[in-house]
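Heads up, the thing below is written out as structure tokens.
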Amino acid sequence: MVNFEFQCATKMIFGKGTEEKVGEELKAYGATRVLFVYGGSSIKRSGLYDRVVKSLTDAGLWFTELPGVVPNPRVSLVRKGIEICRKEKIDFLLAVGGGSVIDTCKSMGFGVYYDGDVWDLISCKVRPGTERVPVATILTLPAAGSEESDSCIVSDETIPMKTGFGSPLMRPVFSIMNPELTYTLPSYQTACGCMDMMSHAMERYFSRTPNVEMTDRVTEAIIKTVIHNLPIALAHPNDYAARSEIMLCGTWAQNDMTGCGREQDWFNHVLEHQISGFYDIAHGAGLAISTPAWMEYLCDNEECLPKLVQYAVRVWNVEMNFENPKDTALEGIRRLRDLIRGAGLPLTLKEAGIDTEKFEEIADLVTNHGTQTCGAFYPMAKEDVLALLDRMK
Ligand code: NZQ
Ligand code: ZN
């Protein structure tokens, strides 16, 4: 285990009916003027919008709204939100939605206190300061883990480019998590969310740092819990138990608890952010295509193989083939692909409607024009990225 620091101060408010407390909670944290940020129409259709408005009103809070956050959230809306925050002297941001809404609020919060253009912060040209408008969330989609994470991801639709920044001060102050709010999710979003949380677990799990037994075991439990509950939630969208397990997994997969004391990889996320930056596909769908292909690619590397075998045996209950460990690892990957396919997600770029045209550009972005490698478990050079993209097509 390597040295680490870990602090996650987000208060998790979990369970049925918890969204009704949002006004009182905000008030307890000192909010007086709130910007209520959300996406499209899902919260209006479900009735959540009305409950939030009632709770804010009952608590006597002044608030205004910013709707219109889209998946792969746009910097243009972040800029608009910053203007509103300054004009209306907003002292709390309330994000009601999934990762895109929460990330919009996180970047907005820091952008308010930055004199230049917020893209300087998002693209890591300038480091964020210590002042920000705090963020609270009501989570409606367990996936990105942004409800407790210290980072945010935003797209500049004009370049196009999707990237992000982080700060220990970026974690939301509190997150309200009612699994019932996820009953209305389309199957595709449920599946994408589960793929994303499994990927967050795996980006940390696939590490060469030795002696990380406890966090390995916790990560395996998170992945196994998702594998067990995803088919239940798809077959029975209103199954509270399955939705609860998935929701908790989403948060704990990404709050970095399981990343403590180890070198992390993150290659699949860097690659996927380029793909969804160009093609605007769901983040979880991009990960469903890249992750098994990447694992298969690494099976030929003898330093990576033992961990891929451990994953197959412990997570997928594959019987160990001592004569041919690679076969064991490949069987684990095959079972992952079966889960992905069964959940209705794509396994190839072609199935997601993506051609080979941008391969060179994507590989350049991931490796800074071939001058750097990406990932720690296996440092992917530009030629590796191109070879992997070829397998993904
Ligand atoms: O806009 P509405 O109408 O609300 O519809 C949304 C949206 O179209 C819908 N939705 C959300 N909750 C719903 C619902 N529909 C019905 N019922 C509900 N309860 O779902 C669609 C997708 O929402 P989005 O917020 O984009 O999804 P997700 O939570 O997967 O977030 C993805 C974004 O998070 C970033 C991704 O890159 C992507 O941009 N990530 C953020 C991370 C972080 N901050 O820590 C880490 C992740 O790795 C990820 O990169
Ligand atoms: Zn992710």
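For the sequence shown, my numbering gives the first residue as 924, with consecutive numbering after it. By construction, the Cβ of each residue, glycine as well, lies at the ideal position given by its N, Cα and C atoms. Remember, it's a predicted structure, so these values are computed and weren't measured experimentally.
What does the shell around the ligand ZN hold, if a residue joins when its beta-carbon is under 6 Å from any heavy atom?
-> Those satisfying the condition are, in chain order, A1067, D1119, S1122, H1123, H1192, H1206.
If you count every other CB in all the chains shown that lies within 10 Å of the CB of S1023, and 16 or more means buried, which is it?
-> So S1023 counts as buried.
Is it the case that the CB of T1113 approaches a heavy atom of the ligand NZQ more closely than 7 Å?
-> The answer is no for T1113.
Could you give the distance in angstroms between the alpha-carbon of M1125 and the alpha-carbon of T1142?
-> Our two residues, M1125 and T1142, have alpha carbons roughly 8 Å apart in a direct line.
Report the partner residues of C1297 according to the DSSP bridge assignment.
-> For C1297, which the question treats as bridged, DSSP gives the partners M1303.
What are the boundary residues of the beta strand (DSSP E) that includes F1088?
-> Run containing F1088: 1084–1089, per the beta strand (DSSP E) assignment.
Give the DSSP-derived three-state secondary structure of C918 in the structure shown.
-> Since the first and last residues shown for the chain are 924 and 1316, residue 918 lies out of range.
Candidates P1065, G1068, T955: closest to K1012 by CA position | Looking at the Cα atoms, T955 is the closest of the given residues.
Taking only beta-carbon positions, decide if P1095 is within less than 8 Å of chain C.
-> Among the chains in the structure shown there is no chain C, since it carries only a single protein chain.
What are the boundary residues of the alpha helix (DSSP H) that includes W985?
-> Unbroken run through W985 is the beta strand (DSSP E), 985–989; no alpha helix (DSSP H).
What does A1066 pair with, by DSSP beta-bridge criteria?
-> None; A1066 has no bridge partner.
What are the boundary residues of the alpha helix (DSSP H) that K1281 is part of?
-> For K1281, no alpha helix (DSSP H) run applies, since DSSP gives it neither H nor E.
Flag this pair as yes or no: are the beta carbons of G1020 and L1064 separated by less than 8 Å?
-> The answer is yes: Cβ separation under 8 Å.
Find the nearest neighbour of S969 within the set N1191, L1272, L1104, judged by alpha-carbon distance.
-> Nearest Cα to S969 within the set N1191, L1272, L1104: L1104.
Taking just the CA atoms, how far does K1085 sit from L1272?
-> Their Cα atoms are separated by approximately 18 Å.
According to the Cβ coordinates, are A1216 and C1115 closer than 8 Å?
-> The answer is no: Cβ separation not under 8 Å.
Output the distance between the C-alpha atoms of T1027 and D1250, rounded to the nearest integer angstrom.
-> Those two C-alpha atoms are separated by around 43 Å.
Spell out the partners DSSP gives F1015 in its beta bridges.
-> Bridge partners of F1015: V957.
Extent of the continuous alpha helix (DSSP H) to which K1230 belongs | Following the DSSP letters along the chain, one finds K1230 inside the alpha helix (DSSP H) bounded by residues 1228–1239.
For the region 932–948 against the region 1189–1197, are there 3 or more C-beta pairs whose distance is under 8 Å?
-> Output reads no: the region 1189–1197 does not touch the region 932–948.
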